[in-house]
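Accompanying notes for the structure given below.
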Amino acid sequence: MTAFKSLSGAMFKGFFRDRLSLFFTFLFPLMFLVIFGLLFRDAGADKQKIAVVGDGPIVTAMESSGIFEIQKFTDSSAAVATVKAGDLPAALIVHGSRLDLRFAASDQQAAAVVNGIMNGFVDKANVMATGQQPAFELSSEKVEDSSLKPIQFLTPGILSWGVSISAVFGAALTLVSWRKKQVLRRIRLAPVSPTTVLSSRLLVSIGVALLQGVVFVLVASTPLFGLQLHGQWWLAIPLLMLGTLAFFSVGMLVGAFAKSEEAASGAANLVIMPMAFLSGTFFPVENAPGWVQTVSKLLPLRHMNDGMLDVLVRGKGMEALAVPASVLIGFTLVVGFVAARVFRWED
Amino acid sequence: MTAVEVDDIRKSYGELKAVDGVSFTVAEGEFFGILGPNGAGKTTTLEIVEGLRRPDSGSVRLLGEQPWPRNQRLLPRIGVQLQASSFFEKLTAKEQLQTFGSLYGVSAGKAAEYLELVGLTDKANEQENKLSGGQRQRLSIACALVHDPDIVFLDEPTAALDPQARRNLWDVLREIQKRGKTIVYTTHYLDEAEILCDRVAIMDHGRILAMDAPAVLVRGLDAPTHVTLQKGTLSLEDASVLPGVDESHENEVSLSISTRQPAKVLATLAERGALDGLQVRTATLEDVFLQLTGREYRA
Numbered sequence: 001m002t003a004f005k006s007l008s009g010a011m012f013k014g015f016f017r018d019r020l021s022l023f024f025t026f027l028f029p030l031m032f033l034v035i036f037g038l039l040f041r042d043a044g045a046d047k048q049k050i051a052v053v054g055d056g057p058i059v060t061a062m063e064s065s066g067i068f069e070i071q072k073f074t075d076s077s078a079a080v081a082t083v084k085a086g087d088l089p090a091a092l093i094v095h096g097s098r099l100d101l102r103f104a105a106s107d108q109q110a111a112a113v114v115n116g117i118m119n120g121f122v123d124k125a126n127v128m129a130t131g132q133q134p135a136f137e138l139s140s141e142k143v144e145d146s147s148l149k150p151i152q153f154l155t156p157g158i159l160s161w162g163v164s165i166s167a168v169f170g171a172a173l174t175l176v177s178w179r180k181k182q183v184l185r186r187i188r189l190a191p192v193s194p195t196t197v198l199s200s201r202l203l204v205s206i207g208v209a210l211l212q213g214v215v216f217v218l219v220a221s222t223p224l225f226g227l228q229l230h231g232q233w234w235l236a237i238p239l240l241m242l243g244t245l246a247f248f249s250v251g252m253l254v255g256a257f258a259k260s261e262e263a264a265s266g267a268a269n270l271v272i273m274p275m276a277f278l279s280g281t282f283f284p285v286e287n288a289p290g291w292v293q294t295v296s297k298l299l300p301l302r303h304m305n306d307g308m309l310d311v312l313v314r315g316k317g318m319e320a321l322a323v324p325a326s327v328l329i330g331f332t333l334v335v336g337f338v339a340a341r342v343f344r345w346e347d
Numbered sequence: 348m349t350a351v352e353v354d355d356i357r358k359s360y361g362e363l364k365a366v367d368g369v370s371f372t373v374a375e376g377e378f379f380g381i382l383g384p385n386g387a388g389k390t391t392t393l394e395i396v397e398g399l400r401r402p403d404s405g406s407v408r409l410l411g412e413q414p415w416p417r418n419q420r421l422l423p424r425i426g427v428q429l430q431a432s433s434f435f436e437k438l439t440a441k442e443q444l445q446t447f448g449s450l451y452g453v454s455a456g457k458a459a460e461y462l463e464l465v466g467l468t469d470k471a472n473e474q475e476n477k478l479s480g481g482q483r484q485r486l487s488i489a490c491a492l493v494h495d496p497d498i499v500f501l502d503e504p505t506a507a508l509d510p511q512a513r514r515n516l517w518d519v520l521r522e523i524q525k526r527g528k529t530i531v532y533t534t535h536y537l538d539e540a541e542i543l544c545d546r547v548a549i550m551d552h553g554r555i556l557a558m559d560a561p562a563v564l565v566r567g568l569d570a571p572t573h574v575t576l577q578k579g580t581l582s583l584e585d586a587s588v589l590p591g592v593d594e595s596h597e598n599e600v601s602l603s604i605s606t607r608q609p610a611k612v613l614a615t616l617a618e619r620g621a622l623d624g625l626q627v628r629t630a631t632l633e634d635v636f637l638q639l640t641g642r643e644y645r646a
């Protein structure tokens, strides 16, 4: 058996037998996927709520438009009471051709929206009633595919974040523990090259990252979340590998300095958590101040995020990989070089 | 043929002279022990010999090759067990051996043979962290042997083991020597070194204070032999005037005689039929050790 194969095999076994690393690699990021996925599940499909009393062509048009979430009332005073209580922004009371709209001025935004939409409906109905062709016609359609639900944005971000956790922690903890337990010295006394040892550990990290990709995408694709992959989703595979390389080099750097596993965990967390927030893993950074966006653009996780989003759900092709791939490779080379310089065989 | 040739190696860490001019040779097939109190420089010496550290001055040759800088030709011919039990995470005893073996291109099938050698066949599928201290120690020795090296370095393999585990390990070490391996090991158990080693070097403050076969060192000490009898076998007055007796005293249970002519004393006692509860204690390596390194307490 070659040293490369057996070392990788040994480390894969060690990884899968370690419950803690399994938790942080799979369950921990999945927890965030589930929580945010459920939290934002209905966001975007936010319908305007309204109380309606009576019936007629306007109400039928409102129902078929899909813009409103209509609550029917038989008694107009009960409908108005609901609006007064603040449970609904407005109540529409139909008396044949006369429409009364009662709204709560306390929620000005909702009131303005409801007023605007209702005016539109009434105007359109009036034009139709005259039997004339409308002078202007508005045709609107959103640019995103109708399936662009929050899970589509969340999955690429959480996957990239999960890969950064497993690669940084994997590299840092292995390095520290092997140095502490003198496994590194023992390996140094065997006729095996450091490249073999390093590449076998890297193979483990890449394998774990690909597995994370499969697991996360499968979970997000369940009907509960409803992720839909686009066209060239397989372009995520090279991106996962490049991301692993970049974060593995960060882990090697952390592991070179840390004296104990505890210190390595702390340092790794200190790197990953701010990076995750600044890279838009949980919340978009588009609305953040300018300097945050500048910092964000310097982080490898941000570029991995962008690339993942493009190829997994935006349906972009190979060209979308150019920037993320170059950034990740450049980052790997720089950090990897520094990590190699500060590497120590023993304490 | 010499397996190990160490010539005047020195290593300082700042002011501390960890190794201060150590020279020794070990013949092929010899069992060589390095003894000394904690901090004597045993481990540093061993690390320099193994090629893990570069000496400030002096030279080392293993099987005619220099161990420093890292010598790929030499590495397969030496086996090293480090002080800490160095294992891969979460692997079973068998997998540890297979993984270490693979670093030397040894086939996975060899693992069973070495598990048997160290008596861990029934623990083959047990994870390393579930083994007892003695079992772990034996496993780490097996890991040092799995590629069939010519020279084996063991750093305190019997430290912190209970008496059964220690004796168990002695059998393993003897078996290794029987296979023709050269063994260099450090210990602070003197009884053990006396039993196992062909030759020992006693170290302190980075220097070798004495080096020879344990029996020769003990003999050279010219220490008295202590003969102990059951009380009442002989009166203290009679004992003190026996030919060859240096000193004698008595407590509630025994009569003790020290002598430098044990043959004469024992013959006389035998003639008188006064041998009840006879115990003879000669000097041991421990006496040599204490005489050389002093008796002051060291942490």
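So the sequences go chain by chain: P and B.
Numbered as in the working numbering, the first sequence ends at 347 without a single skipped number.
Numbered as in the working numbering, the second sequence ends at 646 without a single skipped number.
Beta carbons are placed, not taken as given, at the ideal position from N, Cα and C, and that holds for glycine.
Keep in mind that this is a model prediction, so the values were computed, not measured.
So, are the CB atoms of residue i and residue j less than 9 Å apart?
i: Val499 of chain B; j: Ala491 of chain B; result: yes
i: Ala489 of chain B; j: Leu520 of chain B; result: no
i: Gly56 of chain P; j: Val94 of chain P; result: yes
i: Phe435 of chain B; j: Gly14 of chain P; result: yes
i: Val176 of chain P; j: Ala258 of chain P; result: yes
i: Pro29 of chain P; j: Phe216 of chain P; result: yes
i: Gly243 of chain P; j: Leu298 of chain P; result: no
For residue i and residue j, what's the separation of their Cα atoms in angstroms?
i: Glu584 of chain B; j: Leu632 of chain B; result: 32 Å
i: Lys389 of chain B; j: Phe371 of chain B; result: 13 Å
i: Ser147 of chain P; j: Leu227 of chain P; result: Bear in mind that the predicted position of Ser147 of chain P carries a pLDDT of just 48, short of 50, making it unreliable; the figure below should be weighed with that in mind. When rounded, the distance between both Cα atoms is 8 Å.
i: Ala570 of chain B; j: Phe636 of chain B; result: 13 Å
i: Leu438 of chain B; j: Ser432 of chain B; result: 13 Å
i: Pro504 of chain B; j: Thr534 of chain B; result: 7 Å
i: Ala236 of chain P; j: Ser160 of chain P; result: 10 Å
i: Asp518 of chain B; j: Arg417 of chain B; result: 32 Å
i: Val366 of chain B; j: Tyr360 of chain B; result: 9 Å
i: Ile35 of chain P; j: Lys470 of chain B; result: 44 Å
i: Ala387 of chain B; j: Leu556 of chain B; result: 11 Å
i: Asn385 of chain B; j: Arg554 of chain B; result: 13 Å
i: Val295 of chain P; j: Ala220 of chain P; result: 29 Å
For residue i, report the span of its alpha helix (DSSP H) as first-last.
i: Ser177 of chain P; result: 150-180
i: Phe277 of chain P; result: 261-278
i: Ala610 of chain B; result: 609-618
i: His494 of chain B; result: Segment: none, His494 of chain B is in no alpha helix (DSSP H) and carries neither H nor E.
What are the start and end residues of the beta strand (DSSP E) that includes residue i?
i: Met558 of chain B; result: 554-559
i: Ile237 of chain P; result: Per DSSP, Ile237 of chain P belongs to no beta strand (DSSP E); it is in the alpha helix (DSSP H), 236-257.
i: Lys358 of chain B; result: 349-360
i: Thr372 of chain B; result: 363-374
i: Glu69 of chain P; result: 68-73
i: Gly466 of chain B; result: Gly466 of chain B -> no beta strand (DSSP E), and no H or E assigned at all.
i: Thr534 of chain B; result: 529-534
i: Lys49 of chain P; result: 48-53
Any Cβ of chain P within less than 9 Å of the Cβ of residue i?
i: Ala455 of chain B; result: yes
i: Gly386 of chain B; result: no
i: Glu397 of chain B; result: yes
i: Ser479 of chain B; result: no
i: Ser587 of chain B; result: no
i: Cys490 of chain B; result: yes
i: Leu486 of chain B; result: no
i: Val427 of chain B; result: yes
i: Lys389 of chain B; result: no
i: Tyr691 of chain B; result: There is no way to answer for residue 691 of chain B, as the model of chain B reaches only from 348 to 646.
i: Ser432 of chain B; result: yes
i: Gln474 of chain B; result: yes
Does any residue of chain B have a CB that is nearer than 9 Å to the CB of residue i?
i: Ser199 of chain P; result: no
i: Pro274 of chain P; result: no
i: Lys316 of chain P; result: no
i: Ala340 of chain P; result: no
i: Leu189 of chain P; result: yes
i: Ser146 of chain P; result: In this prediction, Ser146 of chain P has a pLDDT of 47, which is less than 50 and means its spatial position is unreliable; what the coordinates show is noted afterwards. Answer no: the Cβ-Cβ gap between Ser146 of chain P and chain B never drops below 9 Å.
i: Thr2 of chain P; result: yes
i: Lys13 of chain P; result: yes
Under a CB-based cut-off of 9 Å, is residue i close to chain D?
i: Gln182 of chain P; result: In the displayed structure, chain D is absent; the protein chains listed are P and B.
Next item on the list: Determine which residues of the region 398-425 of chain B have a Cβ less than 8 Å from any Cβ of chain P, and write them out in chain order.
Entry: Gly398, Leu399, Arg417, Gln419, Leu422, Pro423, Ile425
Notebook entry, point to check: Taking any Cβ of chain P, which residues in the region 434-445 of chain B have a Cβ under 8 Å from it, in chain order?
Noted result: Phe434, Phe435, Glu436, Lys437, Leu438, Glu442, Gln445
Checklist line | Interface positions of the region 92-120 of chain P facing chain B (Cβ-Cβ less than 8 Å), listed along the chain | finding: Going along the region 92-120 of chain P in chain order, one finds no residue with a Cβ nearer than 8 Å to chain B.
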